[in-house]
Amino acid sequence: MRNFYSSAHPRFTSALVSTLLAVLLLGGCGGKHKKQQARGADTSAEPDKVLFERAQDDIKHGRLAVARLTLQTLLNAYPDSEYLAKAKLAIADSYFKEGDTAGLTQAVSEYKDFITFFPYLDEAAYAQMQVGLAHFRRMEKPDRDRSQAQLAEQEFQTFILKYPKHPLADEAAQRLREIQEVLAEGDFRVARFYFLRGSYRASSARLNEIVDRYPLYSKADDALWMLAKSYDRFEKGDYAARFYTRIVRGYPLSGHVDDAKKSLVRLGFPVPQPDTEALARMQHERELDRTRPGMLRRSLGILKSGPDVASAAHAGEPDLVPAGEPAGTETLRAGGQAQLAGPGGNSGGGATVQTVVAGPAPEGTPAASAGSATNPESSPENATDPAAGDPAAPAAADPKLELPNHQDPSAKKRAANKESTSKKKKGLRKLIPF
């Protein structure tokens, strides 16, 4: 009997183990089959979600073209999906991530389509920001094509005006300061070229654009000083004093302040006190080490394709007036004073600067006393509004157009010789028809 159990026990044990293994394998296969069925049910229930998540994973790993194909499939197959807006925004982001000219151009188009179709979604502000950044990435140096810088300026101005309280508003304002630094630098280089050649009318047009539209420009005080010197050289003291005064008030830490004060005293105008807000702003910029690029950085900048924006301001309100509208106007009226005028009162944001100076006195009117030149009320920068019932006086010529160009006698002689030669050629054509 004992021999029977001893011989049967191994066979019984192996059979039992085989049975248990078969049961476990069948149970595992059944569980796996159930899991596959459950996963298949989820896929058929939310296929748009599966497509969107798959595209997001492709974008994350740099498979941008594959991701766009998946997202486009989602848009075509499920036009009523809750992921419709997210899919369109993801397509725009995929083009933006490419970073080249073609990708950024297509990204702008996709972002603008998103803003058109979904203007009230929270992501519309993000799309507007991305449009500005796409143009910002394509900006060139100040002496090159400025079309992308102008487009970027418009888009960031639109963002700040539409979403002033958005969390991205501060970043948009800083980008706008950097863009306007580049635009102003381009105008300043051209203006300085004409100024050094003595073509003051050509330089004054660009310098006026700089000081009126870009007061945060790192060389705005230089532009004001060049304007003042241009008018001062042609004995237009009233106009020169206007710009000397703006240097002392608006740029109290500038290197031109001492010269501006001496020039105001020489011309018989009062020396104003510096503006406290301007002083605080310039001190803040010095703490942030806002420095103009030196020789080494300018030399290394040759290797870069984009502009150097390190000298851009980090504080102050950037200009929000569109480029097609005048940032400031200057007119002349008889018997007036310098005044600030703009919508919503003199303190309103984005006010138009209207400079009004005294016109010629009528015949029989006694001349003003010498002490009136030192009266603070008659300073070009002290603004007073005219009475509501005062009749409008005829506007005189714009001082920007009265600045003569510097011409030496030899230039006039060359012009006369050219005219004489032209007349001789016309006479020869009459005699010889061919």
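Residue numbering for the sequence shown is 274 to 707, as defined by this note's numbering.
We put the beta carbon where it would ideally sit given N, CA and C, even for glycine.
The model shown is predicted, which means the values in this text are computed figures rather than measured ones.
Skipping 5 residues on each side, what residues in its chain have a beta carbon closer than 6 angstroms to that of residue i?
{"i": "R702", "result": "Note on R702: pLDDT 48, under 50, position unreliable in the model; the coordinate value appears next. Closer than 6 angstroms at Cβ, skipping near neighbours: no residue."}
{"i": "A457", "result": "I483, Y487, Y490"}
{"i": "L441", "result": "M402"}
{"i": "A501", "result": "A513, F516, Y517"}
{"i": "K422", "result": "Note that residue 422 is Ala in the sequence shown here, rather than Lys. Same-chain partners within the cutoff: M412, I452, V455, L456."}
{"i": "K361", "result": "F387"}
{"i": "G622", "result": "Because the pLDDT of G622 is 38, which lies under 50, any placement of that residue in the model is unreliable, and the question is left without a value."}
{"i": "L348", "result": "A360"}
{"i": "F710", "result": "With the chain represented from 274 up to 707, any question about residue 710 goes unanswered, as that position is not in the structure."}
{"i": "P672", "result": "Confidence is the limiting factor: at P672 the pLDDT is only 46, short of 50, which leaves the residue's position unreliable, though a coordinate-based value still follows. Once the five neighbours on either side are set aside, the close Cβ partners of P672 are Y512."}
Cβ of residue i within 8 angstroms of Cβ of residue j?
{"i": "P488", "j": "V455", "result": "no"}
{"i": "H244", "j": "L424", "result": "Only positions 274 to 707 of the chain appear in this structure, which leaves residue 244 out of reach."}
{"i": "Q430", "j": "Y490", "result": "no"}
{"i": "F387", "j": "A400", "result": "yes"}
{"i": "D485", "j": "I520", "result": "no"}
{"i": "A533", "j": "Y512", "result": "no"}
{"i": "Y351", "j": "D373", "result": "no"}
{"i": "M722", "j": "S527", "result": "Only positions 274 to 707 of the chain appear in this structure, which leaves residue 722 out of reach."}
{"i": "R410", "j": "G459", "result": "no"}
{"i": "A445", "j": "F461", "result": "no"}
My guess is that residue i and residue j are in contact by the Cβ rule of under 8 angstroms, so how many angstroms apart are they, rounded?
{"i": "A514", "j": "L537", "result": "6 angstroms"}
{"i": "P525", "j": "M555", "result": "7 angstroms"}
{"i": "T343", "j": "D331", "result": "7 angstroms"}
{"i": "V404", "j": "E371", "result": "Wrong, their Cβ atoms sit about 16 angstroms apart, outside the cutoff."}
{"i": "L540", "j": "G510", "result": "4 angstroms"}
How far does the alpha helix (DSSP H) with residue i in it reach, from first residue to last?
{"i": "L497", "result": "493-506"}
{"i": "E451", "result": "442-470"}
{"i": "M761", "result": "The shown model of the chain, from 274 to 707, leaves out residue 761, and the question about it has no answer."}
{"i": "R747", "result": "Outside the shown range of the chain, which is 274 to 707, sits residue 747, and nothing can be said about it."}
{"i": "S536", "result": "530-540"}
{"i": "D331", "result": "320-333"}
{"i": "Q345", "result": "337-350"}
{"i": "G510", "result": "510-523"}
{"i": "A588", "result": "Note, A588: premise wrong, no alpha helix (DSSP H); not H, not E."}
{"i": "L423", "result": "Leu is not the amino acid found at residue 423; the sequence shown has Gln there. Unbroken alpha helix (DSSP H) run through Q423: 420-435."}
{"i": "L489", "result": "Looking at the DSSP string, L489 is not in any alpha helix (DSSP H), and its letter there is neither H nor E."}
{"i": "Y367", "result": "Note on identity: in this sequence residue 367 is Ser, with Tyr being the wrong assignment. Unbroken alpha helix (DSSP H) run through S367: 357-371."}
{"i": "Y385", "result": "First, the amino acid is wrong: residue 385 is Lys here, not Tyr. 374-390 is the span of the alpha helix (DSSP H), which, as asked, contains K385."}
Quick one: using the 10 Å Cβ neighbour count with 16 as the cut-off for buried, is residue i buried or exposed?
{"i": "L324", "result": "buried"}
{"i": "T549", "result": "exposed"}
{"i": "P545", "result": "buried"}
{"i": "R448", "result": "buried"}
{"i": "R470", "result": "exposed"}
{"i": "L561", "result": "exposed"}
{"i": "S382", "result": "exposed"}
{"i": "E451", "result": "buried"}
{"i": "F466", "result": "exposed"}
{"i": "K715", "result": "The first residue shown for the chain is 274 and the last is 707, placing residue 715 beyond what the model contains."}
{"i": "A586", "result": "buried"}
{"i": "F390", "result": "exposed"}
{"i": "A464", "result": "buried"}
{"i": "A375", "result": "exposed"}
{"i": "R559", "result": "exposed"}
{"i": "P392", "result": "exposed"}
{"i": "E580", "result": "As written in the sequence, residue 580 is Pro, which differs from the Glu given in the question. The residue in question, P580, is buried, as its Cβ has 16 or more Cβ neighbours within 10 Å."}
{"i": "E326", "result": "exposed"}
Can you list, in chain order, the residues of its chain whose CB lies under 8 angstroms from that of residue i, leaving out five sequence neighbours each side?
{"i": "L394", "result": "A358"}
{"i": "Q214", "result": "This structure leaves residue 214 out entirely; the chain is present only between 274 and 707."}
{"i": "E426", "result": "L449, I452, Q453, L456, A596"}
{"i": "T346", "result": "L324"}
{"i": "E355", "result": "D321"}
Taking 7 angstroms as the limit between beta carbons, can you name the residues of its chain near residue i, skipping five residues before and five after?
{"i": "Q379", "result": "Y368"}
{"i": "H557", "result": "A588"}
{"i": "K685", "result": "Its pLDDT being 48, under 50, K685 is placed unreliably in this model, and the value from its coordinates should be taken loosely. Once the five neighbours on either side are set aside, K685 has no close Cβ partner at all."}
{"i": "L337", "result": "S367, K370, E371"}
{"i": "H334", "result": "none"}
{"i": "V582", "result": "E451, E454, V455"}
{"i": "P547", "result": "V521, R522, P525"}
{"i": "K385", "result": "V404"}
{"i": "L497", "result": "V484, F516, R519, I520"}
Determine, using beta carbons only, whether residue i comes closer than 8 angstroms to chain B.
{"i": "L593", "result": "Looking at the structure shown, chain B is missing, and only one protein chain is on hand."}
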